[in-house]
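Read the structure below first, then the notes.
Numbering (my numbering), first residue to last: 508 to 567.
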């Protein structure tokens with residue numbers, strides 16, 4: 508999933524959604540009721556900016 512796709516999916520998932528690390532280590536967007544192993548929330552992306560997502564994607 509590209510960074511742009513992840514941002515769009517996170518915004519589409521709605522408030523409380525989060526970027527999580529799956530069991531396979533991949534980053535996935537989860538709605539609030541399914542979020543486990545949260546590494547970045549929608550609120551954090553909106554507050555800090557896309558740079559936080561890019562840093563996260565580059566660190567994995």
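Ideal Cβ placement from N, Cα and C applies to all residues, glycine included.
Proximity to residue i [Cα-Cα], best of the options
| i | options | result |
| --- | --- | --- |
| residue 550 | 509, 524, 565 | 524 |
| residue 516 | 544, 555, 539, 562 | 539 |
| residue 528 | 521, 544, 522 | 544 |
Residue i, DSSP secondary structure in three states
| i | result |
| --- | --- |
| residue 520 | helix |
| residue 530 | coil |
Euclidean distance between Cα positions of residue i and residue j
| i | j | result |
| --- | --- | --- |
| residue 537 | residue 562 | 19 Å |
| residue 522 | residue 532 | 24 Å |
Buried or exposed by the 16-neighbour rule on C-beta atoms within 10 Å, applied to residue i
| i | result |
| --- | --- |
| residue 513 | buried |
| residue 560 | buried |
Integer-rounded CB distance, given that residue j should sit under 8 Å from residue i
| i | j | result |
| --- | --- | --- |
| residue 534 | residue 511 | No, residue 534 and residue 511 are not in contact; Cβ-Cβ is about 13 Å, not under 8 Å. |
| residue 576 | residue 546 | The structure shown does not extend to residue 576, since the chain spans only 508 to 567, so no value can be given for it. |
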